[in-house]
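Just so you know, we're using UniProt numbering here: the sequence shown kicks off at 1 and counts up by one.
Glycine included, each C-beta is placed from N, C-alpha and C at the ideal position.
Everything numeric in this text was worked out from a predicted model, so none of it was measured.
Inspection log for the structure reproduced underneath, given as structure tokens.
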Amino acid sequence: MDALATTLLTKLLAIGEKVSAGRRIRAASLTASALKRYSESRNLLERESFEAAVRAAEDAGAVELEYEKGLGSDRAIVRITLLQVDALATFLGQPTRRSTTARARASLADWFEIFPVLESILLRWESLYKVRGIGSERAMDWADAAAVIVHMKQDARVCEEDLPIREVSAKLFLDSKRIEQLTAPLDVLLSGDIDAEPRVASDVWAELGLRREDQPVRLAGAVVVRRQRVTALLDTPYGAFSAPTVLGIDGTPAFVLTIENQTTFHSEAKRRADDNVLLIYTAGMPSPAWRAMYERLLAGLPFGTPILHWGDVDEGGFRIAANVAEAARRVGHVLQPYRMNPADVPDDRRRAATSGQAERMRAFAAKAGWAELAVVLAESEFTAEQEVLD
1 MDALATTLLT
11 KLLAIGEKVS
21 AGRRIRAASL
31 TASALKRYSE
41 SRNLLERESF
51 EAAVRAAEDA
61 GAVELEYEKG
71 LGSDRAIVRI
81 TLLQVDALAT
91 FLGQPTRRST
101 TARARASLAD
111 WFEIFPVLES
121 ILLRWESLYK
131 VRGIGSERAM
141 DWADAAAVIV
151 HMKQDARVCE
161 EDLPIREVSA
171 KLFLDSKRIE
181 QLTAPLDVLL
191 SGDIDAEPRV
201 ASDVWAELGL
211 RREDQPVRLA
221 GAVVVRRQRV
231 TALLDTPYGA
241 FSAPTVLGID
251 GTPAFVLTIE
261 NQTTFHSEAK
271 RRADDNVLLI
281 YTAGMPSPAW
291 RAMYERLLAG
301 LPFGTPILHW
311 GDVDEGGFRI
321 AANVAEAARR
331 VGHVLQPYRM
341 NPADVPDDRR
351 RAATSGQAER
361 MRAFAAKAGW
371 AELAVVLAES
381 EFTAEQEVLD
């Protein structure tokens, strides 16, 4: 079929689908500006080829043609109006967004109960919007991401160590890089919210227990830590160990403080190297192996020992805090926020947050068990990184 006709009719189909989805009010049509290349052509064969193609679309009941006023059979086409989306799609041999979305819904049917957020994704697709840049034609990405999450939750090894992401990917998909390509859908499925703030890939993988390379756990403070081969006072400014080798702590520190960011951890490690405290770097979102180690460390401490967390005052920071708080609860301890109250952030170090971000911060604070802080966050629409606090 004529190339120009194919291009313009495909454009008309896209416009028609927007009308059907409620994203456009005006009728779907191509007028003089869209038809300029045809109308200004002085090549008779090109004009005839174009006209033959669009007349064929009219004969198929897909479009209606309007000609310039006057007499004669050589009048130019001045307007092409869409009559039926499905008829035009069939004529062009292209699927409609509606049919693509219907196939996507069918292909994801087995996952809706486990991942309810998929319904929100389908609704976005039906409105012709993408989610994290992914449209309904890539529904398999979401099915594969769901399969990865379920697989990792069933793999007992993740509580002992983080698994190499490319080895797991090769075994699941015969493609060592497939899981890395699924980072965006993995993030959405794990968060359960299509509007959640996108995270860095390493945080998404860590939540599942996957890694590109080994990441030792960093501990600091003047405390004695029991490990598989040695029990000793931590080195200064900190010690770095494989999570499975850390078994517990001797004695009772004045408090345990988890720290989200590396710069802050290093500063606090140097400042408190001689103090009877235990500082633990989470490296962003802690992995299952990290959480298992954290639970072992807390399990041997008396109830009432202050268990604190210091992270960013933003959506990601409170999401990490909720994750750490859940691990603390499993061994009978209550995690408390450290310098994460909006009141701790000077006015000149605040960044405006959207209402959606503020609401998700509040929700994660509530999930962490910080009800009073959640109320404050609901009234404070700003964020701040941990490093801005002296």
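Just reading off the beta strand (DSSP E) that residue i is part of, what are its end residues?
i           : result
residue 250 : 246-250
residue 225 : 224-227
residue 231 : 231-233
residue 67  : 63-67
residue 241 : 239-241
residue 337 : 335-337
residue 220 : 217-220
residue 205 : That residue, residue 205, is in no beta strand (DSSP E); its alpha helix (DSSP H) goes 201-208.
residue 258 : 256-259
residue 282 : Residue 282 -> no beta strand (DSSP E), and no H or E assigned at all.
residue 410 : Since the displayed the chain opens at 1 and closes at 390, residue 410 lies outside it and no answer follows.
With distances taken from CA atoms, which of the options is nearest residue i?
i           : options            : result
residue 276 : 303, 317, 234      : 234
residue 211 : 284, 26, 327       : 284
residue 59  : 82, 225, 8         : 82
residue 224 : 300, 67, 197       : 300
residue 302 : 319, 267, 271, 250 : 250
residue 274 : 159, 238, 281      : 238
residue 182 : 378, 138, 350      : 138
residue 7   : 88, 68, 195, 187   : 88
residue 63  : 53, 305, 84, 156   : 84
residue 9   : 330, 22, 366, 30   : 30
residue 331 : 295, 352, 306      : 295
residue 77  : 272, 104, 5, 247   : 5
residue 158 : 293, 40, 365, 57   : 293
residue 80  : 122, 54, 184, 328  : 54
Spatial neighbours of residue i within its chain, please: CB distance less than 8 Å, with the 5 preceding and 5 following residues excluded, ordered by chain position.
i           : result
residue 116 : 192
residue 26  : 19
residue 173 : 144, 179
residue 262 : 281, 283
residue 198 : 132, 184, 187
Buried or exposed: which applies to residue i, given that a residue is buried once 16 or more other Cβ atoms fall within 10 Å of its Cβ?
i           : result
residue 219 : buried
residue 140 : exposed
residue 355 : exposed
residue 375 : exposed
residue 114 : exposed
residue 228 : exposed
residue 311 : buried
residue 422 : Coverage of the chain is limited to positions 1 through 390, which leaves residue 422 absent and any answer about it impossible.
residue 377 : buried
residue 106 : exposed
residue 3   : exposed
residue 119 : exposed
residue 230 : exposed
residue 75  : exposed
residue 33  : exposed
residue 380 : buried
residue 372 : exposed
residue 260 : buried
residue 12  : buried
CB-CB under 6 Å to residue i, same chain, minus the five flanking residues each way: which ones, in chain order?
i           : result
residue 357 : 315
residue 36  : none
residue 278 : 221, 223, 253, 256
residue 325 : 335, 368, 369
For residue i, which residues in the same chain have their Cβ closer than 7 Å to its Cβ, ignoring the five residues on either side in sequence?
i           : result
residue 202 : 284
residue 175 : 169
residue 304 : none
residue 108 : 118, 139, 142, 143
residue 49  : 2
Can you give me the start and stop residues for the alpha helix (DSSP H) that residue i sits inside?
i           : result
residue 97  : 97-107
residue 271 : 262-271
residue 290 : 288-299
residue 366 : 355-367
residue 154 : 139-154
residue 117 : 117-126
residue 7   : 3-20
residue 55  : 44-59
residue 81  : Here residue 81 belongs to no alpha helix (DSSP H); instead the beta strand (DSSP E) covers 77-82.
residue 92  : 85-92
residue 165 : 165-173
residue 373 : 371-379
residue 320 : 315-330
* Can at least three beta-carbon pairs, one atom from the segment 84-100 and one from the segment 3-21, be found at a separation below 8 Å? -> They touch, by the three-pair rule.
* Could you tell me whether the segment 153-170 touches the segment 278-293, using the rule of 3 or more Cβ pairs below 8 Å? => yes
* Asked: With contact counted as at least three CB pairs below 8 Å, one residue from each stretch, are the segment 317-334 and the segment 238-247 in contact?
  -> no
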